[in-house]
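Numbering (this note's numbering), first residue to last: 124 to 977.
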């Protein structure tokens, strides 16, 4: 077949499918159903097209000679469909429902395979292996038609996520079972449940690991390609195909799972690793790729239907009806039986009855099932009767799901009122219309005055505003409780926060690493607000200010081994994130004043603003604690933040001048280049100085002032500089050895067994009594800020005391004073000296401004 003929046929098909969406909309048919009808008709007429005109005849002739194999379906179209769907899914929303999704994707496939296999074996003369293979083939669901209906009728987003997530992973389960059963049929071996389970587990988990690694590798490469949109998008296309092929051909694991996971990884990290403009282009490009792949695979698969249904018998028609009933039964067992039980455990989330009804009836089958059935017909070592039965049964079953379930699905969603807003959402919507109409009425009046529009036209336009406002029940909002209004406002602001963080990335105010962290935290904040309202927001604030896992690990390594580089990096990252969060928090308070107040009223807005003011105060406190310890670094961060904002504003201004034709494209490019050079210094932050020389810190401590230089040098060799962050627990037991500490700068709080506390500041020591007396240290010590400590291990402590009598005498004096103070305090507790002041367990004069002991 000539290449020109092939190109002509493909171009004709693309021209044909371009008209399918509007025609499907007018006919009120799901898009996939119309594609199946068109493909089926093409499959009928390509064999009798002598009547057609020359161009049409050549087009049908080119389609007749297309050799579409099962491998073409799986290796050309399937990676694109999987990657495009995974790319558009929100990973956090997917993880929220990962329990029911995996249950429907894995357990439901196995249940469907078993029910279909054993029921068909009992009703027909075919072997169990053949019937189980048919069950595995029809267990895979196709979301394309269902999602199209969902979007058309406005179904809830969560329902869409559940169905899309299920279809993404159950393809892998079905293909894994299909491959094992095909091997049994091909080689004539015995069917083993253990073999099936092992092959499926290895294929599924191995595919997930391969997809994750390849997705992370591609995400790292995006940084190298940043600024070259065509190269970045091309890499994603290559990733989809390479992940699928490498996993299947070289690793022997599920290419479906690998491609899905790779798409999820790119979708979650790409928006920060790529330039923002590129990520927007990527979404549009993959939407186009998905449309082409879905349309062509449905057309080609439907064209095979007449050929595959040629030898159908009435007995097989009855078996197809039985197959249809058994798959509905198996799906009902999972959706109405197992899914509610899963919702009672910590592994699942509750799914409403209406959602479950749609999930049950919306399990449409499509091109993947047809491709797997076609693959069976190509296995000539499989008996002809088995191949013919699987092909006929699969084709008939797919047609029944498309024409029965697909066409009635829209009616079912409307019947269950899943396309309608809840009274809660309707109240907010109406209030939004009222607020918008008030603004638009004034704007329309100004336009009419400026454009000298006549009174009659003004009156007609005003009548539209009046009629719309009169049709709305303005009192609906008052029916909502204060908590409901606050939850709405917090959710709205949380969504706004994600947008603001993404804008800071687009303006290059923060780099992709900081943006990745900020966006992840914002998504968690949004999830907490949706789940718990104001209480969820308050809990999320506390979690947001906690130190990250990376920070805690860096701090742990610093304490154990003295490593400072990683800790300095983590401190700098925290400083940058806190500044970005503070800036956004200020913007959110303004947003609540200007946009939330007209929508939800004053009472709810005040609660929302107060909650965000509290968050802002916590952020300020955290920043001030770091700024006091690292003033130069804090000053540079403020300069860098302002410089990046100035650079973004400068670029925006040049862009406006270009659109207004004040400058040429060449001038614009040169100005942008100059701006980048002018502000290049803000990209190179100075190192955060946490390096603590023991010799420098020892000089600050009064206890060591009069010691001989050689003694002080010996002390410096054994003292280990350590940094403690606010509220950090100071470890007094390091491995098998105990330790004492000297506060070089900052302050610590010691909580004693009796509930009292003592605050120690610069130059003071703690832990020495345990080392001198051998008793256990039973107090809880926490840092009050960013404190610099000098740690001394028990063995080094004893060697120092043996070496220098003067140092030993000083420490023994401190220990004696504190023991006497503790004795006084015990007497005070027993009431023997009830009017004595509380003892001071500190050593020496307290630095100015530091609180006294308690």
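Here a beta-carbon is modelled for each residue, glycine too, at the ideal position from N, C-alpha and C.
Taking the C-alpha atoms as reference points, what is the distance between residue 403 and residue 523? Indexing the chain shown from 1 puts residue 403 at position 280. Indexing the chain shown from 1 puts residue 523 at position 400. Rounded to the nearest angstrom, the two C-alpha atoms are 38 Å apart.
In three-state DSSP terms, what is residue 249? Numbered from its first residue, the chain shown carries residue 249 at position 126. Coil, per DSSP.
Identity of the residue in 245, 671, 289, 208 nearest residue 222 by Cα: Along the chain shown, one-based indexing puts residue 222 at 99. When only C-alpha atoms are compared, the closest one is 289.
Classification of residue 789 by the beta-carbon crowding that lies within 10 angstroms, buried from 16 upward: Translated into the one-based positions of the chain shown, residue 789 becomes position 666. Looking at its Cβ environment, which holds fewer than 16 other Cβ atoms inside 10 Å, residue 789 is exposed.
Which parts of the segment 530 to 618 are runs of the alpha helix (DSSP H), unbroken and 4 residues or longer, counting only runs that do not cross its ends? 530 to 538, 546 to 573, 578 to 594
Can you check which of these residues, 507, 458, 497, 513, is closest to residue 446 by C-alpha distance? Along the chain shown, one-based indexing puts residue 446 at 323. The residue with the shortest Cα to Cα distance from residue 446 is 513.
Taking the alpha-carbon of residue 162 as reference, which of 148, 695, 187 has the nearest alpha-carbon? Stepping through the chain shown from its first residue, residue 162 is reached at position 39. Nearest option by C-alpha distance: 187.
By the 10 Å Cβ neighbour count, where 16 or more other Cβ atoms means buried, how is residue 784 classified, buried or exposed? Taking the first residue of the chain shown as 1, we reach residue 784 at position 661. Exposed is the call here.
Helix, strand or coil for residue 956 per DSSP? As a working mapping, residue 956 is identified with position 833 in the chain shown. Only weak support exists for where residue 956 lies, its pLDDT of 45 falling under 50; the coordinates are left without a value.
Buried versus exposed call for residue 179 [16 or more other C-beta atoms within 10 Å across all chains shown]: Position 56 of the chain shown, counted from the start, is the residue given in the question as residue 179. Classification for residue 179: exposed.
Quick one: Cα of residue 749 to Cα of residue 332, how far? Position 626 of the chain shown, counted from the start, is the residue given in the question as residue 749. Position 209 of the chain shown, counted from the start, is the residue given in the question as residue 332. Those two C-alpha atoms are separated by around 39 Å.
Exposed or buried, what is residue 372 when buried is set at 16 or more other beta-carbons lying within 10 Å of its beta-carbon? By one-based count along the chain shown, residue 372 stands at place 249. Its Cβ having fewer than 16 others within 10 Å, residue 372 is exposed.
Quick one: is residue 964 buried, meaning 16 or more other Cβ sit within 10 Å of its Cβ, or exposed? Locating residue 964 in the chain shown gives position 841, counting from the first residue. For residue 964, the predicted model reports a pLDDT of 44, less than 50, meaning its position is unreliable; a value from the coordinates is still stated below. Buried, since its Cβ has 16 or more Cβ neighbours within 10 Å.
To the nearest angstrom, how far is it from the Cα of residue 294 to the Cα of residue 242? Numbered from 1 along the chain shown, position 171 holds the residue referred to as residue 294. Numbered from 1 along the chain shown, position 119 holds the residue referred to as residue 242. Rounded to whole angstroms, residue 294 to residue 242 spans 22 Å at the Cα level.
Going by beta carbon distance, what residues of the same chain come within less than 7 Å of residue 228, once the five residues before and after it are set aside? Here residue 228 refers to the residue found at position 105 of the chain shown. The residues are 289, 292, 293, 296.
Looking only at its own chain, which residues have a Cβ that is under 7 Å from the Cβ of residue 738, when we skip the five neighbours before and after it? Stepping through the chain shown from its first residue, residue 738 is reached at position 615. So the qualifying residues of the chain are 664, 708.
Which term fits residue 437, buried or exposed, when burial requires 16 or more other beta carbons within 10 angstroms of its beta carbon? Taking the first residue of the chain shown as 1, we reach residue 437 at position 314. So residue 437 ends up on the exposed side.
Give me, in chain order, the residues of the same chain whose beta-carbon lies closer than 8 Å to that of residue 465; leave out the 5 immediate sequence neighbours on both sides. Position 342 of the chain shown, counted from the start, is the residue given in the question as residue 465. 222, 223, 226, 471.
Residues bridged to residue 874 by DSSP? Position 751 of the chain shown, counting from 1, holds the residue named residue 874. Answer by DSSP bridge pairing, in chain order: 880, 903.
Can you list the alpha helix (DSSP H) stretches of 4 or more residues lying completely in the segment 691 to 772, in chain order? 720 to 723, 725 to 752
Proximity to residue 539 [Cα-Cα], best of 413, 930, 521, 479: Within the chain shown, the letter at position 416 stands for residue 539. That would be 479, whose Cα lies nearest to the Cα of residue 539.
Which ranges would you report for the alpha helix (DSSP H) in the segment 282 to 368 if only whole runs of at least 4 residues count? 316 to 348, 352 to 368
Report the three-state DSSP secondary structure of residue 477 (helix, strand or coil). What you label residue 477 is simply residue 354 of the chain shown in a count that begins at 1. Helix, per DSSP.
Beta-carbon proximity list for residue 652, same chain, < 6 Å, skipping 5 on both sides: As a first step, residue 652 is located in the chain shown; it is residue number 529 there, counting from the start. The residues are 613, 614, 617, 659, 660.
Whole-angstrom distance between residue 566 and residue 594, CA atom to CA atom: The count along the chain shown starts at 1 and reaches residue 594 at position 471. The count along the chain shown starts at 1 and reaches residue 566 at position 443. Cα-Cα distance, rounded: 21 Å.
In chain order, what residues of the same chain have a beta carbon less than 6 Å from the beta carbon of residue 451, not counting five sequence neighbours either side? The residue labelled residue 451 in the question sits at position 328 within the chain shown. Closer than 6 Å at Cβ, skipping near neighbours: no residue.
Which residue marks the beginning of the alpha helix (DSSP H) containing residue 451, and which one marks its end? Along the chain shown, read from residue 1 onward, the residue named residue 451 stands at position 328. Its alpha helix (DSSP H) spans residues 437 to 455.
Can you tell me whether residue 256 is helix, strand or coil according to DSSP? On the chain shown, residue 256 is found 133 positions in, with the first residue counted as 1. Residue 256: helix per DSSP, three-state reduction.
Start-to-end residues for the alpha helix (DSSP H) that takes in residue 865: Counting from 1 along the chain shown, the entry for residue 865 is found at position 742. Here residue 865 belongs to no alpha helix (DSSP H); instead the beta strand (DSSP E) covers 860 to 868.
Give me whichever residues DSSP pairs with residue 911 in a beta bridge. In the chain shown, the residue the question calls residue 911 occupies position 788. Residue 911 pairs with 846, 868.
Between residue 92 and the rest of its own chain, which residues show a CB-CB distance below 7 Å, the 5 nearest in sequence each way excluded? For residue 92 there is no data in the structure shown, the boundaries of the chain being 124 and 977.
Here's the rule I'm using: 16 or more other beta-carbon atoms within 10 Å means buried, otherwise exposed. How should residue 130 be labelled? Translated into the one-based positions of the chain shown, residue 130 becomes position 7. Exposed, because fewer than 16 other Cβ atoms sit within 10 Å of the Cβ of residue 130.
Supposed close pair residue 680, residue 705 - CB separation, criterion 8 Å: For the purposes of this step, residue 680 is taken as residue 557 along the chain shown, with counting starting at 1. For the purposes of this step, residue 705 is taken as residue 582 along the chain shown, with counting starting at 1. Not confirmed; about 29 Å, so no contact.
Rounded straight-line distance, which links the Cα of residue 156 to that of residue 526: Here residue 526 refers to the residue found at position 403 of the chain shown. Here residue 156 refers to the residue found at position 33 of the chain shown. Each residue's alpha carbon lies about 7 Å from the other.
Residue 361 burial status per 10 Å Cβ neighbour count (16 or more: buried): By 1-based counting over the chain shown, the position of residue 361 is 238. When all chains shown are included, residue 361 counts as exposed.
Closest Cα partner of residue 558 within the set 592, 322, 149, 693: The count along the chain shown starts at 1 and reaches residue 558 at position 435. Comparing Cα positions, the closest option is 592.
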